[in-house]
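The numbering used here puts the sequence shown at residues 1426 to 1878. Remarks on the structure that follows.
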Amino acid sequence: MTGAPWSTGVGRLPDGALAVAGVDVRDLAAEHGTPAYVLDEADFRMRARAYRTAFEAAFGAVGAGVDVYYAGKALLTVAVARWAREEGLRVDTASSGELAVALRAEVPGAEIGLHGNNKSDAEILRALDAGVGRIIVDSLVEIERVARLAAERGVVAPVMVRVTTGVHAGGHEYIATAHEDQKFGLSVNAADGAESPAMAALLQVLKHPELRLLGIHSHIGSQILDPDGFEAAARVVLRLRADLAERSGELVDEVDLGGGYGIAYLPGDVALDPERVAKDIAQSVAGVCQELGTSLPRFSIEPGRAIVGPAGLTLYTVGTVKPVTVSADDGADFTRTYVSVDGGMSDNIRPALYGAAYHAEVVGRTSAAETVLARVVGKHCESGDIVVHEVRLPADVRAGDLLAVAATGAYGRSMASNYNMLPRPPVVAVAGGASRVLVRRETEDDLLGLDQG
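Okay, here's the thing in structure tokens:
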């Protein structure tokens, strides 16, 4: 077993057990317990470099600069933030907590961005005090708040305006962020000939001496596997930039095209190739700027899942195995084997929340048994507590087996909960035949320590 959806450091040992970066998963389970998030450090670094070098080369070829921001919402720990910066990436944050992690990792404020549709005064002030390089404002009201707080601090706040382009790309409705009926950004479309909210926001920023308008930000969705959406959104944003220059004389210096670059979750899936998408977008934006008669701005992108998703897997121990007779739509009966593991929706909510598909394999041994149709489920008090909806597993899968779910580096830990009072798993990094804990396993004492009784 090698290749997508597993990290590049994953392979089978001669006896059939899985190893990650030279570390036997049986040793990982013995040392760190299960469930555990396992992160292949070299794979993370390789993907970070691949995005940076691909976009720098492609945009440099058309005469434009580019910055790559690691989207911390996918997974952010102090070590992960350091890895990203060491590979030449900046860090994008979406809360005071994420900002705190980036700062603890000694990422310079100037290399950090702060997102959020409902930033508190405290979050904005923290960003101003840290000297963040960009605050992405999300509403007309927020523009006034940032201006007021910057005036209080006696600083000029660097801001970008987040816009919705009407270009919808990616997966589930809940993670599509460029259509009009949602909470993020300001629409570029105007009603009944009125000024668009996006243009109104840009002009409003320019009126404030406490604000410095860096540019325009767009994000069109997640798990995008076709670059056409990025190109269409870039065209809309660049047109807005040109229209603003006509209205105000201000041709903004930066355009951020967001993230959402798709990965492989199942065997046979093909991830979005960073070299291909970088070349396609670069050539497209160069052509658009030539049509508009404007110079190329500096661009930025925000990959998160594309870097950390494939680098991670979640290691579980199998408990109850239960065959269940199911009636198909055609009336015929078949057997589905329910394989319960010692985690579940508390460590990966995406299958329950989005119906997200994942792949799992028995990884502590080899098996010559025929495979059966299985559903991997968790131990929570919910019938929707599904980890993998459908997968073929060996018919002899049994209690005590180690089972790994691939491509869980993004959003597993960052969206984890303590549902049913389960402590959250550790994040364990593997590199060069050794493992180390990045985030320790929570304990029941941690949970009880929050309860003031």
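Even for Gly, the Cβ is constructed at its ideal location relative to N, Cα and C.
Inter-residue CB distance, residue i and residue j (contact presumed, cutoff 8 Å)
i     : j     : result
G1834 : G1712 : The Cβ separation is near 35 Å, so there is no contact.
A1467 : A1859 : Contact doesn't hold; Cβ gap of about 12 Å is too wide.
P1728 : Y1476 : 5 Å
S1709 : E1656 : 4 Å
K1804 : G1769 : 5 Å
G1441 : T1791 : 2 Å
G1683 : H1642 : 7 Å
F1609 : R1637 : Not really, about 22 Å apart at Cβ, beyond 8 Å.
V1491 : R1723 : 7 Å
L1665 : H1784 : Not really, about 41 Å apart at Cβ, beyond 8 Å.
V1802 : T1762 : V1802 to T1762, Cβ: 11 Å. No contact.
G1809 : A1777 : 5 Å
Cα-Cα separation, residue i to residue j
i     : j     : result
A1676 : A1625 : According to the sequence shown, residue 1676 is Leu rather than Ala. Taking the straight line joining both Cα atoms gives about 15 Å.
D1465 : L1628 : 45 Å
L1717 : F1484 : 18 Å
I1600 : G1646 : At I1600 the pLDDT is 35, less than 50, meaning the model places this residue with poor confidence and gives no usable figure here.
G1687 : S1752 : 34 Å
P1699 : S1725 : 14 Å
P1634 : E1679 : 19 Å
A1707 : L1827 : 45 Å
P1460 : A1623 : 45 Å
P1850 : A1454 : 12 Å
A1479 : R1701 : 8 Å
A1799 : V1487 : 50 Å
V1557 : D1517 : 10 Å
Y1741 : K1632 : 55 Å
H1604 : A1616 : With a pLDDT of 49 at H1604, under the threshold of 50, the modelled position of this residue cannot be trusted; read the value that follows with caution. Using only the alpha carbons, I get a separation of about 15 Å.
D1554 : L1818 : 53 Å
L1847 : S1771 : 7 Å
V1503 : A1794 : 43 Å
L1873 : S1673 : 57 Å
R1470 : W1431 : 15 Å
V1812 : N1773 : 7 Å
R1451 : H1457 : 10 Å
G1596 : E1548 : Because the pLDDT at G1596 is just 48, under 50, the model does not fix this residue reliably, and the value given afterwards should be weighed accordingly. Answer to the nearest angstrom: the Cα atoms are 30 Å apart.
H1644 : V1592 : 9 Å
E1536 : L1528 : 10 Å
S1621 : A1506 : 37 Å
A1489 : D1758 : 60 Å
A1689 : D1705 : 20 Å
D1668 : L1650 : 30 Å
E1512 : A1582 : 27 Å
I1561 : V1584 : 6 Å
K1544 : A1824 : 46 Å
R1775 : A1841 : 10 Å
P1735 : G1744 : 26 Å
S1720 : R1865 : 49 Å
Residue(s) in a DSSP beta bridge with residue i
i     : result
G1737 : L1464
T1589 : S1612
R1861 : A1854
T1750 : T1760
I1688 : Per DSSP, none; premise fails for I1688.
D1681 : H1642 and S1725
G1800 : A quick correction: the sequence has Arg, not Gly, at residue 1800. DSSP lists Y1763 as partners of R1800.
P1819 : T1796
L1828 : Y1741 and V1787
V1584 : I1560 and L1638
V1813 : V1801
Beta-carbon gap between residue i and residue j smaller than 7 Å
i     : j     : result
E1523 : G1497 : yes
I1568 : V1630 : yes
V1787 : V1830 : no
R1838 : V1816 : no
Y1495 : A1482 : no
A1444 : G1436 : yes
R1570 : S1521 : no
G1590 : A1658 : Note on residue identity: the sequence assigns Thr, not Gly, to residue 1590. Yes.
R1559 : G1579 : no
S1500 : V1862 : Residue identity check: residue 1500 is Leu in the sequence provided, not Ser. No, they are not a contact pair.
Near the ligand ADP: residue i beta-carbon under 6 Å from a heavy atom
i     : result
V1751 : No copy of the ligand ADP appears in this structure; indeed no ligand is present at all.
**OP:** Tell me the start and end of each unbroken beta strand (DSSP E) in the stretch 1601–1656 that is at least 3 residues and wholly inside, in chain order.
**Re:** 1636–1643
**OP:** For the stretch 1695–1744, list the beta strand (DSSP E) runs that are entirely contained and at least 3 residues long, ordered along the chain.
**Re:** 1723–1726
Original post:
In chain order, which continuous runs of the beta strand (DSSP E) of length 3 or greater are located wholly inside the stretch 1481–1569?
Top reply: 1491–1496, 1515–1518, 1537–1539 and 1559–1562
Original post:
Can you list the alpha helix (DSSP H) stretches of 4 or more residues lying completely in the stretch 1428–1464, in chain order?
Top reply: 1450–1457
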